[in-house]
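Participant: Input: one structure, supplied below.
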Amino acid sequence: MQDADVVELDLPDGGTVLVRAQHLHRAQDEEDDQGPSNVGLRDALSFSTVSTAIRGVAAEVHRAVASVGPDVAEVELGFEVALKGSRLVCLLADAETKATIRVRLEWQKNASAAGQ
Numbered sequence: 013m014q015d016a017d018v019v020e021l022d023l024p025d026g027g028t029v030l031v032r033a034q035h036l037h038r039a040q041d042e043e044d045d046q047g048p049s050n051v052g053l054r055d056a057l058s059f060s061t062v063s064t065a066i067r068g069v070a071a072e073v074h075r076a077v078a079s080v081g082p083d084v085a086e087v088e089l090g091f092e093v094a095l096k097g098s099r100l101v102c103l104l105a106d107a108e109t110k111a112t113i114r115v116r117l118e119w120q121k122n123a124s125a126a127g128q
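Residue numbers (the working numbering): 13 to 128.
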């Protein structure tokens, strides 16, 4: 298994969740353009990083699907959680791979009309 840590993430409701996060290793020839940073561990390990990534990707997928207008669209997105330095990042993964977070979305084109 790759280098990983179990980290505690703060949830918006005040709870916490434990997540296994892979370490991302930079190539040795990659320039260190960020230098030292003063990042609080509680800020770096907030679940908001993950939820923001899910919302952003889901919105883009929704726009793409809506442009072709199917009656039902089902999209499954796999996300892996990783540590890049002292920051938590979310990786969009192949749906066939093992993912820390698997999100399944379904849109029904006329859902509001069907409820009437």
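Quick reminder that beta carbons are idealized off the backbone N, C-alpha and C, glycines included.
Computed from a predicted model, the values in this text were never measured in an experiment.
By Cβ distance below 7 angstroms, which residues in the same chain neighbour residue 16 in space, the five residues on each side in sequence not counted?
Facilitator: Taking the first residue of the sequence shown as 1, we reach residue 16 at position 4. Here the set comprises 32, 33, 34 and 35.
Participant: Would you report the Cα separation of residue 20 and residue 69, rounded to the nearest angstrom?
Facilitator: On the sequence shown, residue 20 is found 8 positions in, with the first residue counted as 1. On the sequence shown, residue 69 is found 57 positions in, with the first residue counted as 1. Approximately 24 angstroms, taken between the alpha carbons.
Participant: Quick check: what's the CA-CA separation for residue 22 versus residue 63?
Facilitator: For the purposes of this step, residue 22 is identified with residue 10 of the sequence shown, where counting begins at 1. For the purposes of this step, residue 63 is identified with residue 51 of the sequence shown, where counting begins at 1. Cα to Cα, the separation comes out at about 12 angstroms.
Participant: One question on the structure: do residue 29 and residue 59 come within less than 8 angstroms of each other, judged by their Cβ atoms?
Facilitator: Here residue 29 corresponds to residue number 17 of the sequence shown, with the count starting at 1. Here residue 59 corresponds to residue number 47 of the sequence shown, with the count starting at 1. The answer is yes: Cβ separation under 8 angstroms.
Participant: Grab the span of the beta strand (DSSP E) containing residue 35 for me, first residue to last.
Facilitator: Walking along the sequence shown from the start, residue 35 turns up at place 23. First-last of the beta strand (DSSP E) with residue 35: 28-35.
Participant: Please go through the same chain and pick out, in chain order, the residues whose beta-carbon is closer than 6 angstroms to the beta-carbon of residue 85, but skip the five residues on each side of it.
Facilitator: On the sequence shown, position 73 is the one that residue 85 refers to. Only 77 and 119 meet the Cβ criterion.
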